[in-house]
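For the sequence shown, the positions run 1 to 310 when full-length UniProt numbering is used.
Note that beta-carbon positions come from the ideal geometry of N, C-alpha and C, so glycine has one too.
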Amino acid sequence: MNQTPPAEPEIEPPIKILAVDDDPQIIAMLKSAITAFGFQCDTAADGVEALAKAQEEKFAIVLTDLTMPRMDGMTLLRELKNLYPRLDVIVITGYAENFSYTDVIKAGACDFIAKPFNIDELEAKLRRALREQDLVRKLEHISMCDSLTGLHNRRGFEVKLREEIARGQRQNYPVFLAIIDMDKFKSYNDQHGHQAGDEALKSLGRLLLSHTRDKVDWCCRQGGDEFAIILPYASDEQARAVCRRILEQYRLNPFGETTLSIGLARFVGSPQNNLEEDIDNFVRRADEAMYRAKKTGGDRICFDDSLPTD
């Protein structure tokens, strides 16, 4: 299993845009123009059809008229923002319509185009929305990335942990958490200097990545010499095996007298708790297992009670 550090996110082609209008001529013009801009375009004749398509496929932008049968553009906008708060919606509005620019922006639209519009304006507004999406992704990446190791930082860990647990609950698959601490790191850092200590931390980060699954498992640096691995879609034995391989590989090339203490737990939901309480308990149990490993001499793995004993 080989994994690379989290890459800087980009808008991945093909970029898909959903155009919504009940006028076949306008839809034909929009599709032709959007395709000419280099994007993929799907279409819908009203808000009901658009909402169904948005729930089946991921679109970068929804471009919608306001006045349509069955579900108008303003209702569609509100429904989309309720379901997908980060989805960009651009509203096409006529001067004679009952909604103002302020109305559509307050409802969650990222921009609007007044009728009649020209193709250059349409392209400019679409590309501006896409640039802003890319900028947001890059800023989020920076905010969730540990600058030393390239792994996810503590914020990234918290985001990914909640995402995987929520997905695991929906799709009924297990999620494991390994907390890893480098024993005697402070002594090594004091003796060899901070630069050597940083190299030890970076090396451990690379080791974790090399023994986990790319874009499935999530390796994180919690801070200092503490790391974490989120392991979804794994059996008890697979999660244990990952921890054993990491421990055994580290023993072959340790930094000075440093060793690893690893605690492993499986997420267990409780009907008495809300999800946040269950997540907090999950992290606490993995942390306590790691501290048991450390207190009993380090250089070992301890399993939480959620896992059967060997």
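| Asked | Found |
| --- | --- |
| Rounding to the nearest angstrom, what Cα-Cα distance links A200 and C110 in this structure? | 46 Å |
| For E288, which of helix, strand or coil comes out of DSSP? | helix |
| Would K294 pass as a contact of S261 if the rule is Cβ separation under 8 Å? | yes |
| Pick from E248, R240, G256 and I165: whose alpha carbon is nearest that of D280? | I165 |
| Hey, which unbroken runs of the alpha helix (DSSP H) at 4 residues or more fall wholly within the stretch 34 to 94? | 47 to 56 and 73 to 83 |
| Where DSSP assigns a beta bridge to F227, which residues make up the other side? | I180 and R221 |
| So R221 and G205 are in contact, right, with Cβ under 8 Å, and what is the actual spacing, rounded? | 7 Å |
| Reducing DSSP to helix, strand and coil, say where T258 ends up. | coil |
| Determine whether the beta carbon atoms of T93 and A124 lie at a separation below 8 Å. | no |
| Would you call the stretch 132 to 150 in contact with the stretch 178 to 195, where contact means no fewer than 3 C-beta pairs closer than 8 Å? | no |
| Output needed for I119: all residues of its chain with C-beta closer than 7 Å, excluding positions within five of it in sequence on either side, in chain order. | A33 |
| Flag this pair as yes or no: are the beta carbons of P69 and D22 separated by less than 8 Å? | yes |
| Report yes or no: do the stretch 151 to 161 and the stretch 63 to 83 share at least 3 C-beta pairs separated by less than 8 Å? | no |
| Please report how far the alpha carbon of A60 lies from the alpha carbon of F37, in whole angstroms. | 14 Å |
| Could you tell me which residues DSSP pairs with G263 in its beta bridges? | I179 and C302 |
| Per DSSP, which residues does H152 bridge with? Please list them. | C145 and C220 |
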